[in-house]
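Residue numbers (my numbering): 718 to 893. C-beta: ideal position from N, C-alpha, C; glycine also.
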């Protein structure tokens, strides 16, 4: 029997089955040859699929789950801290409701079959990608010598960091 908690909300029902999938994107780099080379396009956020049943007698549980799935925070879908053995074992910690949620009457039983998908928020590969430094652009002069570019974009001009931000940055570097 599986257990799932989203923040302080215990997902109701019985017969819960939880699965996690992960897309690893790649594209063919061999052109029209018979080669098997691929270009890595990164690891995408994991998806947690959940299916369970809720008895007709627990109609309020179904209503509450529907409300939780529709919840918004600051104009976008709410982000939940997920507690579930399967999802946590593969590193999924924060999720949002994604794609679909279905409520269907169970044939021959007085219950609903419920299924929904949660999508990982700020996945580990996404966090690593944000931390990696981008290579600096190098401009080439007409003689073929390289010179560093000094474009002043909004991102290039940084405001001085506060002491608190400096401490957090050093902790982040130590953890990386």
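Check	Outcome
Pair within 7 Å by beta-carbon distance, residue 763 and residue 733	no
6 Å Cβ shell around residue 731 - same chain, five flanking residues per side excluded	770
Neighbourhood of residue 727 by C-beta, 7 Å cutoff - its chain only, sequence neighbours within 5 removed	none
Supposed contact pair residue 735 and residue 719 - C-beta distance, whole angstroms, cut 8 Å	5 Å
Sequence-distant residues of the same chain with beta carbon closer than 7 Å to residue 828, five excluded per side	770, 771, 772 and 773
Rounded straight-line distance, which links the Cα of residue 799 to that of residue 806	11 Å
Beta-carbon contacts of residue 818 that lie in its chain and below 7 Å, excluding the five residues immediately before and after	786 and 833
Helix, strand or coil at residue 811 [DSSP, three-state]	strand
Coarse secondary structure for residue 739, derived from DSSP in three states	coil
Contact under 7 Å by Cβ, residue 804 with residue 836	no
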